[in-house]
Structure formats: structure tokens, C-alpha cells
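Numbering (this note's numbering), first residue to last: 49 to 599. Where is the CB? At the ideal position from N, CA and C, for every residue including glycine. This one's a predicted model, so the numbers in the text were calculated from it and none came from an experiment. Report on the following structure.
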Ligand SMILES: Nc1ncnc2c1ncn2[C@@H]1O[C@H](COP(=O)(O)OP(=O)(O)O)[C@@H](O)[C@H]1O
Ligand SMILES: O=C(CO)[C@H](O)[C@H](O)COP(=O)(O)O
């Protein structure tokens, strides 16, 4: 009998640390969620572009949600635990205590978050070196990666942080250390955010060139000199102390972790699509693009051989699916942008009141309001003279330009609910055009993509999903389990438990396609025109910058 059919069921716990909250799920070996819990986490923004969190606050939230999802379950059936998290930088001293990453010296705030853009000067200097490792991040390192942040700490908080630091962790690795006491890092985090190569290891010359030779001198002990593929069982499993914190049995298998987008990728990209009539059914997995849409969106495309795509992170070997290369496109703010636009509008209080009265989310209310005002025309056409460029926090891909800003053209004097709803629609469309821009760039470099697999908080929004189908012209597959990122985390726990022989086997057995949303071909001409405007917007923004920089 195969693992997928065994009775009684085996369970795995997946823990997903997003930007705004921690989620946990109890998942069975068919990938079905049996329990789910969520808890918010704190974020500090002490100054513009500085975003900080607390590893103690995050661990406490992991304990709250894990205890909730295993309530009433026979604990001996739980076989494994897997973590994923945002790629934020955690700093601990030599005794594993939190160190401040801020000038105020608040040690509670010991995480520089992924979306923190404080290290602009540092990343410019790193890119100026033209070091060969940059080929593996799309040619340009992002300010959101770890090397510029580490350099910032050395240059700005030398005495209070840098000299005292004993351990720099990516957040997913911090969590697996906290659960097991094992300081080994995941290949996923080190390859994607720290310039480690799965084939050749660390590049001494890179760290020496950028001024962080300290790491080379102590054999990378502070950033990781033991590296494991995601899903491998760590040490002796869950430590007694962590077991007490989490309400789980000591000794269960704990997997080496993944970054959240990569866990989402595992949760959806291998889904069984039989019976949906999709073209990708007869194609290799490399024809699928997983798009994980939360605070940000991440576009995960895999290939058998390395593909170098300018402005798209990677190629990263074995960083998501073992044995395959990964390219990761991304948009730094998507869910956060929609929230920013909606919450900042003068009609937001009215929207909130009306949505509350109907017991709906503001997004569901806006979607039905758009349906009402569109009259006979397709809803997407409401934005014929309203266009948005969505890079309010710089462009991650494919332009890799952190100086880019958001743009809106077509504003009127009205500030009513109709106006808010149409701006919300134009923002969602702009995000979908950004995805099209990323797909076209990946295809021009050699990817051959036919189908999108969406997950993350934004995939719960039917308008967001339909716009991605219409604007890219590709079918969008949603998973049977909405919380696919948690399925990805549970897949890690399942692999670590030994219940599946490989990550690929666990992916095939634990993820299944649910709804499929097809593009509405009749609207294509309209979206093609809007896409032309989209590309003009950035061209114009660059022209404005050039005028202002001129004499
Ligand atoms: N039910 C929903 N309907 C529409 N949008 C949603 C819904 N739930 C979450 N979102 C959107 O998803 C975003 C958060 O996604 P999530 O995956 O929870 O983020 P993260 O992993 O970064 O914490 C929010 O910014 C919001 O715009
Ligand atoms: O860089 C990333 C993945 O490589 C993600 O953008 C980052 O981890 C944040 O994820 P989310 O938007 O889901 O909170």
C-alpha cells in the first residue's frame, strides 16, 4: 500500500510565517487541511524604508497557532513539522539572544524584514563590483537580499550589533533552529538570498570584495557552513523545549525549511490536473508558472537547464524542486499595494461601513460594486482612461530598478465609492500587467509557459484571478486547498518524516487542482492596448527622471 493510501492517516504540521501573520495547518497525507489557525505578528516602521520585526514575537505566534491546530488530535499520529517564512534577516548574539537592528537599540526588534530598503547605498556598491555571483540573481542584486543588509549593519551599527553578532539567520532557518537546536541552513535560503551556490558553495572573493571578509575568516560560521536541501530531517527532531512551546510530541521529524514563496511553489506546481482539459496536462512541469500572491507576488518558473533571465532572480539550482533550476520573478508589493490604494482613498470609511453592514470583506464589496456599475460592458473596460504603474516600492522584476515609483494617470475630482472601485480595479489590472511583463521576459530568455498556478491571500480574490487570466491570456489553476503555502510547508514535514521517498512524490500526492479560470479571449484587444499604455508609463517615468537629472 502506498503512503497516500495508508490508514490510519498520518498528519503533518505546516507553519507559514507571512509578512502580516503566522498561519499553521494540520495536513493529512493526501494534502487535505484538517485544521487551520492564524495569528497576527508585529511590524515596526521606525523610519521610511526601515521595516523591522521581532523573532520572539514570531516564535510566540508560531506556538499559538500550532497549539490550536493540534487540539483534540491524537498526537502520536503527527509525523513531521515543516516551516516556511519570509526571507527576512534575523540577528542573534553569540548566546542566541536577539540583537537590535536599529539605532534606538531596541533588541526586541532584531529582524530586518525582506521589504526593508535601508541598504540602497550598499546594494549600489555591490552591483558596482560586477562580481560573477550577480549572474545568478538576474544580473542585479536586489536591496531586499541579505548581503546589502549585512553590509548596512556593519557600516551603521558596528558596536551595538555587528561586533556582538554570533548568528545571522534567514527567518525560515531561524525557525528550524528554534525547533531543533540545529543551525544548519536550507539550500533554498542560502542560494536565493545569500549568493551560495548549490554546486560550488560560498564565493570567498565576493564577500572579500564587498567588505564582508569577516565571514570568510571564520569559515562562514555566522551565516552557515552546514547546508541541507529543503525537506531533510534535522538532528534529533523536535527538541523537548520546543515541543513544550508548540504543544507537539518531542522527537518528531522537523524539516529543513523553505522561503514562503518556494513553499507555495511546492504546494501548487506539481498539482494533479487530470480531468480539467488543460494543455499543461500533456506538458512537462516546466510549462507551469507558480505565482504566490500575498503582500508581494513571486513568479516561480522551473527548468531542466539553467536559464539566465535579465532582471529575474536565479537561475537557482535545487532551491525549490530538487534537481531543477528555478527562476523567480517578483513584484515587491501587490497585496500591500491594493490595501494601500483602497485604505488611502477618501471613500474608504464609507466602503468599510457598507461592507461591514453586509458582513462582507471590503474586496468582496468592491467586486460586487464594480459588477453593478459596469452596466452592459465588460467590467475591465471601466478603466479605459485610468492607468496605473504599480511599482510603489520599486520594481523587483523584470526591470530590477528600485528607484521606480508608482504612477496613476486619469484622475478626476470625484472621490466617491465608484471612483475608489475603479481605482482598485486599475490597480489589480496593473499588477496583472506586471505579471505579463515578467512572463514575456522569461519566455524571451527560453522559458516556455502555458499555465499559471496561483496561491496566497490574493488568490482568494476572484477579480484578481480573472484579471490574471484575461491579461496574460493563460488559464489560471487554483488549488483544491486554498492555503497551498501551508500544504508546501506540510510537504516538507512529510518528507522529513520519511513517509515519502522524495519531495516530488510528496508534491504529486499532496496537491490537487481545484477551480480553473479561463481567459476571456473576447477582451484581448482591449487588454493588449492597455498593456501598450502600461509599458509607455515606465518609459515616460524614466524620461521625467532624465529631464530632472539634466542641467
Ligand atoms: N479574502 C480575501 N479577498 C481578497 N483579498 C484578500 C483576501 N485575503 C487576503 N487578501 C489580500 O491578500 C494579502 C495578504 O496575503 P497573505 O498571503 O495573507 O500575505 P502574507 O503571506 O504576505 O502575510 C492582503 O494584502 C490582501 O490584499
Ligand atoms: O522575496 C520573497 C520570496 O523570495 C517574498 O516576497 C517575501 O518572502 C515575502 O513574501 P510575502 O509577500 O508572501 O509575505
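Taking the alpha carbon of residue 555 as the point to measure from, which residue in 110, 208, 318 and 123 has its own alpha carbon closest? Nearest of 110, 208, 318 and 123 to residue 555, Cα basis: 318.
Could you check which residue in 575, 63 and 223 has the C-alpha nearest to that of residue 478? The option with the nearest alpha carbon to residue 478 is 575.
Look at the alpha carbon of residue 143 and the alpha carbon of residue 95, and state the distance between them as a whole number of angstroms. Whole-angstrom Cα-Cα distance: 29 Å.
So what's residue 365 in DSSP terms, helix, strand or just coil? Here residue 365 sits in strand by DSSP.
Which ranges does the beta strand (DSSP E) cover as unbroken runs of at least 3 residues, wholly within the segment 211-255, from first to last along the chain? Here the runs fully enclosed are 213-218.
Indicate the three-state DSSP secondary structure (helix, strand or coil) for residue 173 in the structure shown. Annotated three-state conformation of residue 173 is helix, per DSSP.
Which residues does DSSP pair with residue 455 in a beta bridge? Per DSSP, 437.
Rounded C-alpha distance that separates residue 58 from residue 452: Roughly 48 Å between the two C-alpha positions.
For residue 543, collect the residues of the same chain with a Cβ closer than 7 Å to its Cβ; drop the 5 residues on either side in sequence, then sort them by chain order. 279, 303, 551 and 554.
Assigned exposure category for residue 266 - 16 Cβ within 10 Å defines buried: So residue 266 counts as exposed.
Buried or exposed: residue 345, going by 16 or more other Cβ atoms within 10 Å of its Cβ? Buried, because 16 or more other Cβ atoms sit within 10 Å of the Cβ of residue 345.
Which residue or residues does DSSP assign as beta-bridge partners of residue 88? Per DSSP, 69.
Per DSSP, which residues does residue 374 bridge with? Please list them. In the DSSP output, where bridge partners are listed per residue, residue 374 has 350 and 364.
Cβ-based neighbour list, residue 388, same chain, cut-off 8 Å, excluding 5 preceding and 5 following: Cβ within range, chain order: 381 and 440.
When every heavy atom of ligand 1 is checked, does at least one fall within less than 6 Å of the C-beta of residue 423? Flag unset: Cβ of residue 423 not near ligand 1.
DSSP three-state call for residue 132: helix, strand or coil? Strand at residue 132.
Residue 114, enclosing alpha helix (DSSP H) - first and last residue: First-last of the alpha helix (DSSP H) with residue 114: 103-117.
Should residue 421 go down as buried or exposed, given a rule of 16 or more other Cβ atoms within 10 Å for buried? So residue 421 ends up on the exposed side.
Between residue 305 and residue 220, is the Cβ-Cβ spacing less than 7 Å? Contact: yes.
Rounded straight-line distance, which links the Cα of residue 520 to that of residue 435: When rounded, the distance between both Cα atoms is 17 Å.
Look up residue 209 in the DSSP assignment and say whether it is helix, strand or coil. If DSSP states are grouped into helix, strand and coil, residue 209 belongs with the helices.
Mapping the DSSP letters down to three states, classify residue 263 as helix, strand or coil. Residue 263 carries a helical assignment under DSSP once its states are collapsed to helix, strand and coil.
The alpha helix (DSSP H) enclosing residue 141, as first and last residue numbers: No alpha helix (DSSP H) contains residue 141, which is instead part of the beta strand (DSSP E) from 137-141.
Per DSSP, residue 561 forms a beta bridge with which residues? DSSP lists 527 as partners of residue 561.
Residue 52 in three-state terms, based on DSSP: Any answer about residue 52 is weak, because its pLDDT of 45 lies below 50 and its placement is not dependable; what the coordinates show is given next. Judged by DSSP in its simplified three-state form, residue 52 adopts helix.
Between the alpha carbons of residue 164 and residue 191, how many angstroms are there, rounded? Residue 164 and residue 191: Cα-Cα distance of roughly 8 Å.
Examine the Cβ distances between the segment 497-512 and the segment 313-328 and report whether three or more of them are shorter than 8 Å. Result yes; three or more Cβ-Cβ pairs closer than 8 Å.
Can you give me the C-alpha to C-alpha distance between residue 510 and residue 562, rounded to a whole angstrom? A straight-line Cα-Cα distance of about 14 Å links residue 510 and residue 562.
How far does the alpha helix (DSSP H) with residue 337 in it extend, from its first residue to its last? Residue range 336-341 is occupied by the beta strand (DSSP E) that includes residue 337, with no alpha helix (DSSP H) assigned at that position.
Taking 6 Å as the cut-off, does the CB of residue 342 come closer than this to any heavy atom belonging to ligand 1? Result yes, Cβ under 6 Å from ligand 1.
Contact check, residue 538 vs residue 65 under 8 Å by CB: the rounded distance? 14 Å between Cβ atoms; not a contact.
Find the nearest neighbour of residue 110 within the set 193, 507, 127 and 132, judged by alpha-carbon distance. Per the Cα distances, 132.
By the three-class DSSP mapping on this structure, what secondary structure does residue 443 have? Residue 443 falls in the strand class under three-state DSSP.
Sufficient close CB pairs (3 or more, under 8 Å) joining the segment 443-459 to the segment 579-589: These segments touch.
Can you tell me the Cβ-Cβ gap for residue 559 and residue 522, rounded? I've got them flagged as a contact below 8 Å. Distance from residue 559 to residue 522 at the Cβ level is roughly 19 Å; contact not present, criterion being Cβ atoms closer than 8 Å.
Which word fits residue 34, buried or exposed, when buried means at least 16 other C-beta atoms lie within 10 angstroms of its C-beta? There is simply no residue 34 to check, as the chain begins at 49 and stops at 599 in what is shown.
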